[in-house]
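Working notes, beginning with the structure itself.
In the working numbering, the protein residues as written are 513 to 627.
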């Protein structure tokens, strides 16, 4: 049961790589499945980061000393929360770029005063 999370994560990453490299008739899969898999990956990383922040015992270094990134709290938080923060940053960057591509911004890069 402990391996279920990493196995699902590996499956999602493999599917993302396959969809990114797909050509020809599989282009529909890239347009439809790629965003779904990316959202699943985002939710996994963010959920893992939130769970680590909730589960960790902040006052007891022995509770996180043997975790990945341990024995220091900064290392544990970097390993467990870093991917979630990075995923949120990439999602925000993608969403902002997508809004700009739809024409919500002027050609000069300024935001429309009506939006």
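The C-beta atom is built at its ideal place from N, Cα and C for all residues, glycine as well.
Note that the structure is predicted; figures quoted are calculated from it, not measured.
Which term fits residue i, buried or exposed, when burial requires 16 or more other beta carbons within 10 angstroms of its beta carbon?
i	result
residue 577	exposed
residue 532	exposed
residue 561	buried
residue 553	buried
Suppose you measure from the CA of residue i to the CA of residue j; what does that come to, to the nearest Å?
i	j	result
residue 607	residue 600	10 angstroms
residue 588	residue 582	5 angstroms
residue 574	residue 522	30 angstroms
residue 585	residue 605	28 angstroms
residue 565	residue 520	22 angstroms
residue 572	residue 602	33 angstroms
Go through its chain and collect everything with a Cβ distance to residue i's Cβ below 6 angstroms, but skip five positions before and after it.
i	result
residue 528	549
residue 579	588
residue 546	531
Measure from the alpha carbon of residue i to the alpha carbon of each residue in the options, then state which is nearest.
i	options	result
residue 551	574, 525, 539 and 573	525
residue 598	569, 539 and 555	555
residue 469	596, 539, 572 and 573	An answer regarding residue 469 cannot be provided, because it is not within the stretch 513 to 627 covered by the chain.
residue 517	559, 544, 539 and 530	559
Which residues in the same chain have their Cβ closer than 8 angstroms to the Cβ of residue i, if we skip the five residues on either side of it in sequence?
i	result
residue 590	581
residue 513	Interpretation of residue 513 is limited by its pLDDT of 48, a score under 50 that renders its predicted location unreliable; no figure is taken from the coordinates.
Considering only residues of the same chain and omitting the five flanking positions on each side of residue i, which have a CB-CB separation below 7 angstroms?
i	result
residue 557	595, 596 and 599
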